[in-house]
Amino acid sequence: MRLTQLIEALPGIISLSGEPDIEISRISSDSRQVTPGALFVAYRGVGVDGHQYIADAVRRGAAAVVCEQPVDNPGVSAIQVADGRSTLAWLHAAWHGHPSRSMTVIGVTGTDGKTTTCNLIYSILKAAGIRAGMISTVNAVIGDETYETGLHTTTPDSADIQHLLARMRDAGTEVAVLEATSHGLAQHRVTGVAFDVAVVTNITHEHLDFHGSYEAYRQAKAMLFRSLLQNEHVGVKPPLLCNVAKTSVLNGDDGSYAFLAAIPADRYMVYGVDSRDPCQAGGEHPAITAPKTVLSAMHIQQAPSGMSFEVHASGDVFVSEPLHMMTSLVGRFNVSNVLAAVGAALALEIAPAFIEQGVAALAGVAGRMERIDRGQSFTAIVDFAHTPNALASALTTARGLVEEGRRVIVVFGSAGLRDREKRRLMGDVAAQLADITVITAEDPRTEDLAAIMAETAEAMVARGRIEGRDFVRIPDRQAAIFHAVRNATPGDIVLVCGKGHEQSMCFEDVEYPWRDQDALLWALDRLMGQTDAPPPYPLPSCDQ
């Protein structure tokens, strides 16, 4: 591709020197991957300044350089831009021919529930006969193929995002559903994607180690909603779905509502649980002058096997009768996730019957309140809950599923090199909502595991919990899970939280294979005398 073609896609060019009409063979922000004819993009990262590697990139054959600061005689064409990360994303979009312009794109962000909501939307789209694709932190679905997107949770980088979207376009995808994490938004991994519908699940305490403050974290989430009307580089969408209004789907029950509702959109979908007008629940909120639809969940019935409820719509909406939801998902938080998916579906004017079918068709999501059954006398569940809010939701749901006198036993940890305040908050939640807590490892990385667990234990003691009676500390995660199932009695619930769908656990800087599902299966089999095999995943010594 010619450099001039790539330059046309770039906002924020400050200066251009050298010959622009040259052929570019590839785009890279890693000088070690530069080959002759490449375009090297330098930007200031968190720990590394890419400008230090411009000379190395040129030595390796870079034909041109994009940079955030003036460079002295690099010997190649140089383009100075305001933001290198953003520019890199736009370059990858242009390289693949701006694939998101060829389909309707729904973006889903939030602290908890993103993956479940993406899967619900995708299931609705499939029920409606729409050619759909999905990119989540668990996998990417393109046509009939499913691909894993990583071992740990984060939005793929901009190169992978645009490559996957290009494959969707080439496969004839009409609507793409994209999970957008705060890291992915802040680091411009989804910049250049032409979003049509933006959905938020909630915004609670998480990732403050990266963002620095809750306000910065919230601002990162808001980038998805601001992109709806600020994307000046987006062309006309295909005729089939070009009438989709730029729509914000907001949680009226969440503290983020007023903040996100102030961001302009062509249309708003506001959802909430047990309220005719959920956006009134928070008191003061901005006046929305654009068309607004309010979605409320009514008559919620919960059982261990799933839930049923009605969705009532009011305001600017094309449906007049309640939607009847039946889902195998459980918990009030999943009522909210279903409402978010319904809002996205109504933004595309999908018929209610298809929405109901799509919600009912989703059997579950890997690592989200996923039951593990070996015929034991108690319920065993794996859940991704790794934030205070998600842990509270999971424990509250579990509490609603056990009979009087039965116990909720939870196993969880807190990640190293991440938000330290969360360790105390998680302990505080468990102290209030669990009967027995097993504190264990969860990606300690280079931090001292004993010190991480101590912060959680201190929070539990502060809540009046007694170590040895109400909670224990077991560093080895497999041993912790076995301890939980060994102490469970008939009718109890054992809830293993924090890893969900993830397939590795990080000690020092090494990712070791790990799946909570397999670890729990082994523990149940061992408990019931069905295996003498060693644990499936040997880990480094946890005697810290």
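Per our numbering, numbering through the sequence shown is continuous, rising by one, with the last residue being 807.
C-beta: ideal position from N, C-alpha, C; glycine also.
Quick check: what's the CA-CA separation for residue i versus residue j?
i	j	result
G594	L491	31 Å
T719	I744	17 Å
E495	V460	With a pLDDT of 47 at E495, under the threshold of 50, the modelled position of that residue is not reliable, and the figure given next carries that caveat. Rounded to whole angstroms, E495 to V460 spans 16 Å at the Cα level.
A272	G763	39 Å
W358	R681	34 Å
Q425	P362	7 Å
L427	S291	17 Å
S280	S421	26 Å
P283	V309	30 Å
R265	H314	23 Å
G535	V724	35 Å
T650	V598	19 Å
P797	W777	14 Å
R307	R452	15 Å
P419	I729	42 Å
I644	S677	18 Å
I277	A603	40 Å
G392	T400	24 Å
E721	S559	40 Å
Residue i by DSSP, collapsed to three states: which one?
i	result
P362	helix
M431	helix
N402	strand
E684	helix
Q639	coil
E408	strand
D666	Here residue 666 turns out to be Glu, not Asp, going by the sequence shown. It is coil, neither helix nor strand.
H426	helix
N597	helix
R634	strand
Q766	coil
Y480	helix
T794	coil
A751	coil
V339	coil
H587	strand
H279	Looking at the sequence itself, residue 279 is Leu, so the reference to His does not match. Note: L279 maps to strand in three-state DSSP.
I551	coil
I317	helix
V622	helix
S511	strand
D728	The sequence given here has Arg at residue 728, not Asp. DSSP places R728 in coil when its eight states are reduced to three.
R530	strand
Over what stretch of residues does the beta strand (DSSP E) that includes residue i continue unbroken?
i	result
T719	No beta strand (DSSP E) holds T719; the alpha helix (DSSP H) holding it covers L712 to A725.
T467	Per DSSP, T467 belongs to no beta strand (DSSP E) and is neither H nor E.
F303	A301 to V304
G569	G569 to G578
I756	I756 to C760
P776	V773 to P776
I563	K555 to A566
R289	R289 to S291
T700	I699 to I702
In the DSSP assignment, find the unbroken alpha helix (DSSP H) run with residue i in it and report its ends.
i	result
S445	S445 to A449
S386	K377 to A390
Y520	Y520 to A524
What do you get for residue i, buried or exposed, if any count of 16 or more other CB atoms within 10 angstroms of its CB means buried?
i	result
R322	exposed
G690	buried
D779	buried
D472	Confidence is the limiting factor: at D472 the pLDDT is only 49, short of 50, which leaves the residue's position unreliable, though a coordinate-based value still follows. So D472 counts as exposed.
I317	buried
F581	exposed
H474	Summary for H474: the model assigns pLDDT 48, below 50, so the residue's position carries little reliability; its value from the coordinates is reported in the next sentence. Classification for H474: buried.
D755	buried
G621	buried
E705	buried
E619	buried
Tell me which residues share the same chain as residue i and place their Cβ nearer than 7 Å to its Cβ, disregarding the 5 neighbours each side in the sequence.
i	result
L487	G370, T372, A443, L448, F458 and A461
L523	V463, A485, F488, S511 and L513
F572	A560, M561, H562, I563, Q564, M588 and V598
Skipping 5 residues on each side, what residues in its chain have a beta carbon closer than 8 Å to that of residue i?
i	result
E547	Only weak support exists for where E547 lies, its pLDDT of 46 falling under 50; the coordinates are left without a value.
L625	N382, L383, S386, T590, S591 and L592
A207	Examination of residue 207 is not possible in this model, given that the chain is present from 264 through 807 alone.
Could you pull out every residue in the same chain whose Cβ sits closer than 6 Å to the Cβ of residue i, ignoring the five residues on either side in sequence?
i	result
I808	Residue 808 is absent from the model: the chain starts at 264 and stops at 807.
T467	T374 and N652
A434	I405 and G406
T367	V438, D459, L504 and V507
M716	I702 and R736
G455	A352, W353 and A356
A786	I744, F745 and V748
Should residue i be counted as a contact of the ligand FMN given a C-beta to heavy atom distance under 7 Å?
i	result
R322	Because no ligand of any kind appears in the structure shown, any question about the ligand FMN cannot be addressed here.
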